[in-house]
Amino acid sequence: MDATDRRSDAGDKVIGEDSDQALVRRFKAGDEGAFNELVRRYQGRVYGLACRMVRNPEDAEDISQEVFVKAYQALRRFREDSAVYTWLYRIASNLCINYLRRKKLRESLSYETIAGWLAGRGAGPDREMARGAVGTAVEEAVAKLPPRQRTVFILRQYEGLSHDEIAAALKRSVGAVKANYFHAVKRLQKELDGYQGFIEDGRL
Numbered sequence: 001m002d003a004t005d006r007r008s009d010a011g012d013k014v015i016g017e018d019s020d021q022a023l024v025r026r027f028k029a030g031d032e033g034a035f036n037e038l039v040r041r042y043q044g045r046v047y048g049l050a051c052r053m054v055r056n057p058e059d060a061e062d063i064s065q066e067v068f069v070k071a072y073q074a075l076r077r078f079r080e081d082s083a084v085y086t087w088l089y090r091i092a093s094n095l096c097i098n099y100l101r102r103k104k105l106r107e108s109l110s111y112e113t114i115a116g117w118l119a120g121r122g123a124g125p126d127r128e129m130a131r132g133a134v135g136t137a138v139e140e141a142v143a144k145l146p147p148r149q150r151t152v153f154i155l156r157q158y159e160g161l162s163h164d165e166i167a168a169a170l171k172r173s174v175g176a177v178k179a180n181y182f183h184a185v186k187r188l189q190k191e192l193d194g195y196q197g198f199i200e201d202g203r204l
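Quick note: the sequence shown, position 104, residue 104 per UniProt numbering, numbers continuous.
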């Protein structure tokens, strides 16, 4: 699946529902239910991002709840010319990075997600054993990525955000985002160099 196919700008918005900006305006006008609608629209995506970053469902749930607490507290100051989803991703990413720095937990991504751009040639003698070995190696390699590179990589590969959108979410320049992504990929390719022979077209 192409990264750009994984995300809708409207979150889980149903046709005919208010836009994110309309919900923000309603909330600012005193409609608490508008915030609840934003939570419904984005809580799954925020929780999914937290899960992928911290690799602990319970902690991810705590983080996603904290995201919306912070969002509620700040929403009246939200600039309506910005995208709600990038704003929420920014809050979530920062909380996850702080969590990882405090706990020093390992982060991992699935083999299927990154195998495509690590494409090589050939296959091992035992495909199941090779898959397990590569999966472990990938997990360890991604765990070594600096938090900012890990965040950019996840937002790009899992959430399908463009470089511009990631820059907006993290309040960084597009150039810095591209550099972080480039270095993340290079680090992973270097770490997994010994496994290139087991990877072909995203499958073992």
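Positions of the beta carbon are idealized from the N, C-alpha and C atoms, including for glycine.
Quick check on this structure: which residue in the options has the alpha carbon closest to the alpha carbon of residue i?
i: Y181; options: I166, Q65, G48 and T136; result: I166
i: L188; options: E140, Y99, A83 and I91; result: E140
i: Q73; options: G48, R148, K186 and I91; result: I91
i: V185; options: I154, S82, N56 and L161; result: I154
i: Y99; options: A137, N56 and F78; result: N56
i: H183; options: R41, S93 and P146; result: P146
i: residue 205; options: V69, H163, A176 and A179; result: As displayed, the chain neither begins before 1 nor continues past 204, which places residue 205 out of reach and without an answer.
Give me the Cβ distance between residue i and residue j, rounded to the nearest whole Å; I'm assuming they're in contact under 8 Å.
i: V54; j: C96; result: 6 Å
i: E191; j: K144; result: 7 Å
i: A60; j: A50; result: 4 Å
i: Y42; j: L88; result: 6 Å
i: V177; j: V152; result: 6 Å
i: A29; j: S93; result: No, A29 and S93 are not in contact; Cβ-Cβ is about 29 Å, not under 8 Å.
Handout entry: Cβ pair count under 8 Å reaching 3, the stretch 20-35 against the stretch 50-65
Key = no
Problem - Segments assigned beta strand (DSSP E), at least 3 residues, entirely inside the UniProt domain "RNA polymerase sigma-70 region 2" (38-104) - result: Whole beta strand (DSSP E) segments, 3+ residues: zero.
Practice task
Let me know the alpha helix (DSSP H) ranges lying completely inside the stretch 157-185, each 4 residues or longer, listed in chain order.
Solution key: The DSSP assignment places complete alpha helix (DSSP H) segments of no fewer than 4 residues inside the stretch 157-185 at 163-170, in order along the chain.
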